[in-house]
Structure formats: C-alpha cells, structure tokens
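When the letters of the sequence shown are read in order and numbered with my numbering, they come out as residues -4 to 228.
Where a beta carbon is used, it is the ideal one built from N, C-alpha and C, also for glycine.
Predicted model, so just to flag it, every value in this text is computed and none were measured.
What follows is a set of notes on a single structure, which appears directly below.
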Amino acid sequence: MEQQQVSENVEQLRQRIQDACKKSNRSAAEIKVIAVTKYVSVETAQNAVAAGIIDLGENRLEGLMEKMEALGTKPAYHFIGALQSRKVKQFPAGISYIHSLDRTSLAKELDKRFKDKEQVNCFVQVNVSGEASKSGIEPDDVFDFIKDLKKYESLHIVGLMTMAPFEDDPEQTRPVFKQLREIRDRVKQENWSHAPCSELSMGMSNDFEVAIEEGATFIRIGTSLVGNEKMSE
Ligand SMILES: *Cc1c(COP(=O)(O)O)cnc(C)c1O
C-alpha cells in the first residue's frame, strides 16, 4: 500500500479512536495501535512506521523475522498468533510482547528461552466466546493459570488478550470485551508482582470501537490500516 494511503488510514483511525474515547470518557493516549502486518509486504510495514505507527503485529514467526530484519528495532514487535512450543527456541530476543500465552507448556518453553535475558511481556489469551476454533484459556481457569505463572520468572504478565467472533454488527461483540475486562479487573486486584495485568489487548478492524468503549488499551488493526495484499493472490 502506498505511503499516502497508509497515512490517510492512520489519520482516519486516530479520528475514530478519538470518537470512541469521547463516547466512553477515555483519553486517546491510553490506546495503543498495533498495525497488524501479517498480510502485507515489508514496504507497506515501512510505510506504516513512516506514518507514525510504532507497534507492529505478526502472527507467524517467519513474518516476524522478515519484518524485524528489514525494519530493525525502531518499531516494537508484537507476536499475536498461535505459538508452537517447539518453535519457541527460534524466537527472536527483540520481541516486545507475546499476546498468545495460552498453556503451561508454552510458559515453560518461553521461560527457558528468555532466561538470562530481559523479561518478556506476555498477554494471556482468553477464549471468552467459547468458540471451538479459537485458542485461549477458559474464563474460569484464567485466575489460577496466572497465579501459577509466578514460577516462570522470565515472564511478565502485562494483561489479557481475546479475539471476539466476527459479527456483522460489532455491537454483538460487547459482552465478550466486557467479560475480558471483568476478568482482568479481578486478576489486577491481586497485585501480583509477576502479573500486574493492567492491559487489555482486544479489538480488530471490525470491532475496535466497541473494544475501546469496554476498556481496550491495545487494539490490533490489520485490514483497515494497511490492507490485505494476500487477498488477490
Ligand atoms: C489478523 C489479526 C488481527 C487483525 O485483523 P483485522 O481484522 O485485519 O484488523 C488482529 N488480531 C489477531 C490475533 C489477528 O490474527
């Protein structure tokens, strides 16, 4: 996608974030935009960074490596996809956030990988909607899961992440986001040093306004920001 188009999209997105914040009495400064570049070229990702984006999201290790190699460490990188335990060894140290921590075996592998390095920021992925196709911890198990992560000293649990089901009417996703916030509030209250759990990674192109109204602090935007260059292949 051309620079000018990406810049226009960023501007439009900022305006929509502004409006959603106004509606819910929040400050736009609380909302961080992750540009999801999984379907676009290195060039388009570069255009996003030139347009003022500082957070990039990828859902595959290969894509992450490709963008990191080309763009260096100026942007912060977010891994937002399903992560196989056996691939954790290849994980680049320069990663800022992992949004898909969803099982103990993965926590164990990540802990090994990041031992003797800086702690790695993790979101625990929650399957709020209960759809079989979605990964994530069951809502009822999140509290105990996070409590037990204390023994993995390389992991810093910054918040919770979820994906809402796709709905033609984004209003339908509201209960999912609301429930994630309620679980977050309950964990946060514990003041666990390994899990401040203050962030909420929720909201995509189709539903980010509702997510913001329900407390999102990171929104993950692909299509409406940088497009989908794989669609025509
Ligand atoms: C692809 C993806 C997104 C972005 O989706 P869009 O609808 O293109 O904005 C967000 N989060 C995750 C986990 C994704 O895989």
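In the DSSP annotation of this structure, the continuous segment of the beta strand (DSSP E) that includes Gly154 starts and ends at Leu150 to Met156. In the DSSP annotation of this structure, the continuous segment of the alpha helix (DSSP H) that includes Asn42 starts and ends at Val37 to Ala45.
With respect to the 8 Å criterion, Val83 and Glu104 are classified as neighbours on the basis of their beta carbons. Note that the C-beta distance between Phe172 and Val205 is below 8 Å. Residue environment: Gly217 is assigned as buried (16 or more neighbouring CB atoms within 10 Å of its CB, all protein chains considered). By the CB criterion at 8 Å, Ser196 and Gly154 fall inside the cutoff. Cys192 sits close to Arg179, with the two beta carbons spaced by under 8 Å. Residue environment for Asp50: buried (at least 16 other C-beta atoms within 10 angstroms of its C-beta). Checking the DSSP bridge columns, you'll see Tyr92 partnered with His73 and Asn116. Each residue's CA atom was taken as its position, placing Asp139 and Arg98 some 12 Å apart. At a threshold of 7 Å, Lys62 does not count as near ligand 1, since its beta carbon sits no closer than that to any of the ligand's heavy atoms.
A Cβ-Cβ separation of about 7 Å places Thr39 in contact with Glu224 under the 8 Å criterion. Every unbroken stretch of the alpha helix (DSSP H) spanning 4 or more residues and falling wholly within the region 121 to 178 is given here in chain order: 137 to 143.
In chain order, the residues with a C-beta atom nearer than 7 Å to some heavy atom of ligand 1 are Val31, Lys33, Gly52, Asn54, Ile75, Gly76, His94, Met158, Met199, Ser200, Asn201, Arg215, Ile216, Gly217, Thr218, Ser219 and Asn223.
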